[in-house]
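Participant: My questions all concern the structure below.
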Amino acid sequence: MVGHDYQNDSLWYSVYGKATTTSLKVAEVFGKNHQHVMRDIRKLVEKGVSNFGQSSYINSQNKEQPMFLMDRDGFSLLVMGFTGDKALDWKLKYIEAFNKMEQTLNDPGVLRERRIREYRPDSLMMETART
56 MVGHDYQNDS
66 LWYSVYGKAT
76 TTSLKVAEVF
86 GKNHQHVMRD
96 IRKLVEKGVS
106 NFGQSSYINS
116 QNKEQPMFLM
126 DRDGFSLLVM
136 GFTGDKALDW
146 KLKYIEAFNK
156 MEQTLNDPGV
166 LRERRIREYR
176 PDSLMMETAR
186 T
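Per the numbering used here, the sequence shown runs over residues 56 to 186.
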């Protein structure tokens with residue numbers, strides 16, 4: 056995308072309000088060859104995964120090179136197929152975050168708040184109006 060500097064230190068960028076990263080940055084962070092990351096993305100795209108978009112960057116020889124942009128879901132799909140220590144660390148953090156979310160959702164206070172919202176008079180009226 057024109058106007059975005061995808062070659063800074065950040066893994067994530069906001070593009071139209073959506074968390075986005077690049078195949079180049081993924082290769083760098085996970086210690087992978089960029090061409091291998093591109094190959095893996097192409098395989099996902101061939102299977103109909105639509106979380107990737109083609110783009111390009113200017114390399115150190117001032118030549119335009121292909122890369123992919125991806126949203127958070129595309130990143131997750133891609134990285135779940137990676138092996139190695141960095142990929143394992145990411146997968147463990149992903150599982151930990153999911154478990155924390157589940158604990159929060161099952162917290163009695165959160166459940167009580169959800170029930171209160173479900174049975175508020177205005178939500179009951181909305182439900183009645185739909186039937």
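From the three backbone atoms N, C-alpha and C, an ideal C-beta is built for every residue, glycine too.
(1) Indicate whether the contact test is met: 3 or more Cβ pairs, each with one atom in the region 113-131 and one in the region 70-80, closer than 8 Å.
(2) Please name the residue in VAL104, TYR71, GLY103 and ASN114 whose C-alpha comes closest to that of HIS89.
(3) DSSP puts GLY108 in a beta bridge; with which residues?
(4) Using the three-state DSSP reduction, which class does TYR61 fall into: helix, strand or coil?
(5) How about LYS102: is its C-beta nearer than 7 Å to some C-beta of chain C?
(6) Take GLY72 as the anchor and find which of ASP126, VAL100, ARG94 and PHE85 has the nearest alpha-carbon.
Facilitator: Once the coordinates are examined:
(1) Between the region 113-131 and the region 70-80 there are three or more inter-stretch CB-CB distances shorter than 8 Å, so the stretches are counted as touching.
(2) Comparing Cα positions, the closest option is ASN114.
(3) When beta bridges are read from the DSSP output, GLY108 appears opposite LEU124.
(4) Because the pLDDT at TYR61 is just 48, under 50, the model does not fix this residue reliably, and the value given afterwards should be weighed accordingly. If DSSP states are grouped into helix, strand and coil, TYR61 belongs with coil.
(5) Here chain C cannot be found, since the structure has a single protein chain.
(6) Ranking ASP126, VAL100, ARG94 and PHE85 by Cα distance to GLY72 puts ASP126 first.
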